[in-house]
Amino acid sequence: MKNSFKMIIDTDCGIDDAITIITVIKYGIDVVGITTVSGNVNADQVTDNVLRILHFLKKDNIPVFKGAHRPYVSLNSTPAKIHGNNGIGDIVLEPPYKTYNEEPAPYAIYKLAKEAGNVILLTLGPLTNVAMALNLYPDLPKYISKIVAMGGAVNVGNVTRFAEFNFFFDPEAAEFVLRHGVPIHLVPWDPVVATPIFESELKETFQGEEGDLILNMEKSVMDFVEKARGIRAVFLPDPMALATFLDEEIIKYKINSSLHMELSHGSLLRGASIIGEGSGIDIVVEVDKTRFLNFFKNIFEGGKV
Ligand code: RIB
Ligand code: CA
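The opening position of the sequence shown corresponds to residue 116 in this note's numbering, with each subsequent residue numbered one higher.
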């Protein structure tokens, strides 16, 4: 079991982020803090979602820090409708006992990483907070052993042909982080969209009280996907970033390459991520669906992890 490390999660808590946070807690990872960023919904709503999910998990002790409300440059920071109005499928969870901590997210990332000495930074949304933290605190990379990120697209995007939502939402921040030299394990949209999870598979995989919450949250996504693609299924981008980091056997094929963001304004390609000549980032290209689902089955059936 690979969980002797401390973790910071930066999230734009939508439904798949929530599934990932629930999985991290059930896996037994030591989460030293969660920072929030606008993306699927605005940072205020993201923060409320995270607090309510931690309360649901009886983990009110994990500190939450609010972060960036909008990307550095892009104006069209429209939230993603697929997650419902509140970002978690319009499910209303019990309000938390406490609120978020007052330190801003970029400072919290630095403070928590430095206190821990070494963390895994799991990023599930736009990289606005992470870029800001790396910019404000030049010694931050000393305390981050790896960034595990969901973002980008190699051959197929979800916002445009070549752009994936997290990196499209704040491409300048993505470019800043991709250039920084911190080791990155990246799951782009490609292996995610190649791995639809059908309704029956979802029900078999996510059992128990937390599983029921996940199925309820995913209902709106399944309706959305059914209308858009004619299949009753969901995609699990953020959970795939976590799972492929914790169990490398899930990965069927990965590459090590540089990745560059198209930043030119007015270009149809703005926000696209483009594979470069150099090396540097571990990019998952294909996964084994059976192993991917079994990873969660073991966790949500109360099996040994
Ligand atoms: O493109 C998918 C990503 O955008 C996921 O992280 C989802 O939660 C949204 O943030
Ligand atoms: Ca996300």
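Ideal Cβ positions, reconstructed from N, Cα and C, are used throughout, including at glycine.
Query raised in the report: Cβ of Leu242 within 7 Å of any heavy atom in ligand 1?
Result: In this structure, Leu242 has its CB at a distance of at least 7 Å from all heavy atoms of ligand 1.
**Report entry** Identity of the residue in Cys128, Ile130, Tyr142 and His184 nearest Ala358 by Cα
**Finding:** Tyr142
Query - Start and end residues, alpha helix (DSSP H) containing Val400 - result: That residue, Val400, is in no alpha helix (DSSP H); its beta strand (DSSP E) goes Ile396 to Val402.
Query raised in the report: Can we say the stretch 196-216 touches the stretch 171-181, given the rule of at least three CB pairs closer than 8 Å?
Result: yes
**Report entry** Cβ neighbours of Glu401 in the same chain (closer than 6 Å, five flanking residues each side left out)
**Finding:** Pro306, Lys367 and Tyr368
Query raised in the report: Less than 7 Å between the CB of Asp254 and some heavy atom of ligand 2, yes or no?
Result: no
Query raised in the report: Are the beta-carbon atoms of Ile203 and Glu333 separated by less than 8 Å?
Result: no
Requested in this report: Report yes or no: do the stretch 131-140 and the stretch 162-180 share at least 3 C-beta pairs separated by less than 8 Å?
Outcome: yes
Query raised in the report: Around the Cβ of Gly418, are there at least 16 other Cβ atoms within 10 angstroms (buried) or fewer (exposed)?
Result: For Gly418, the predicted structure reports a pLDDT of 43, less than 50, and the residue's modelled location is therefore unreliable. A value from the coordinates is still provided. Gly418 is classed as exposed because its beta carbon has fewer than 16 other beta carbons within 10 Å across all chains shown.
Query raised in the report: So, is Asp159 buried or exposed, given that buried needs 16 or more other C-beta atoms within 10 angstroms?
Result: exposed
**Report entry** Length of the line joining the Cα atoms of Arg406 and Glu364
**Finding:** 8 Å
**Report entry** Per DSSP, cross-strand counterpart(s) of Ser119
**Finding:** BP columns for Ser119 are empty, so no partner.
**Report entry** Through-space distance from Phe339 to Arg347, alpha-carbon basis
**Finding:** 9 Å
Requested in this report: Work out the CA separation of Ile414 and Phe284 for me, nearest whole Å.
Outcome: 32 Å
Requested in this report: Out of Ile149, Ile396, Glu392 and Glu416, point me to the one whose CA is closest to Val234's CA.
Outcome: Of Ile149, Ile396, Glu392 and Glu416, the residue nearest in Cα terms is Ile149.
Requested in this report: Tell me where the alpha helix (DSSP H) around Leu261 begins and ends.
Outcome: Sequence inspection shows Lys at residue 261; the Leu mentioned does not correspond to that position. Where Lys261 is concerned, there is no enclosing alpha helix (DSSP H), although the beta strand (DSSP E) it sits in stretches over Ile259 to Met265.
Query raised in the report: Out of curiosity, what's the CA-to-CA distance linking Tyr187 and Ala288?
Result: C-alpha separation (whole angstroms): 7 Å.
Query - Beta carbon of Asn270 nearer than 8 Å to that of Glu279 - result: The beta carbons of Asn270 and Glu279 sit no closer together than 8 Å.
Requested in this report: Flag this pair as touching only if the stretch 384-392 and the stretch 320-332 have three or more C-beta atom pairs under 8 Å; answer yes or no.
Outcome: No, they do not touch.
Query - Uninterrupted alpha helix (DSSP H) stretches inside the stretch 307-334 (no shorter than 4 residues) - result: Taking only runs of at least 4 residues, the alpha helix (DSSP H) segments lying wholly in the stretch 307-334 are 314-320.
Query raised in the report: When DSSP labels each residue in this structure, what does Lys419 get in the three-state scheme?
Result: Unreliable positioning characterises Lys419 in this predicted model, as indicated by a pLDDT of 39, which lies under 50. The coordinate reading is nonetheless provided below. Lys419 falls in the coil class under three-state DSSP.
Query raised in the report: Hey, Val308 and Phe277 are a contact pair by Cβ (cut 8 Å); roughly how many whole angstroms apart?
Result: The Cβ separation is near 13 Å, so there is no contact.
Query raised in the report: Which value, in whole angstroms, describes the spacing of the CA atoms of His295 and Gly345?
Result: Gly345 has its alpha-carbon roughly 41 Å from the corresponding atom of His295.
Requested in this report: Run the proximity test for Asp353: is its beta-carbon closer than 7 Å to any non-hydrogen atom belonging to ligand 2?
Outcome: yes
Requested in this report: Kindly identify the DSSP beta-bridge partner or partners of Ala278.
Outcome: Thr275
Report task. Compare the beta carbon distance of Val207 and Asp125 with 8 Å and say whether it is the shorter of the two. Result -> no
**Report entry** Simplified DSSP state of Thr225, which is helix, strand or coil
**Finding:** Looking at the sequence provided, one finds Tyr at residue 225 rather than Thr. For Tyr225, the three-state secondary structure derived from DSSP is helix.
Query raised in the report: Under a three-way DSSP split, which group does Leu378 fall into?
Result: coil
Query raised in the report: Cα-Cα, which of Thr275, Pro221, Gly232 and Leu239 is closest to Leu249?
Result: Pro221
Query raised in the report: Residues in its own chain within less than 6 Å of Asp127 by CB, not counting five upstream and five downstream?
Result: These residues qualify, in order along the chain: Val152, Gly154, Asn155, Val161 and Gly240.
**Report entry** Secondary structure of Tyr142, DSSP reduced to three states
**Finding:** Three-state result, Tyr142: helix.
Report task. Tell me whether Lys173 is buried or exposed, calling it buried when 16 or more other Cβ atoms sit within 10 Å of its Cβ. Result -> exposed
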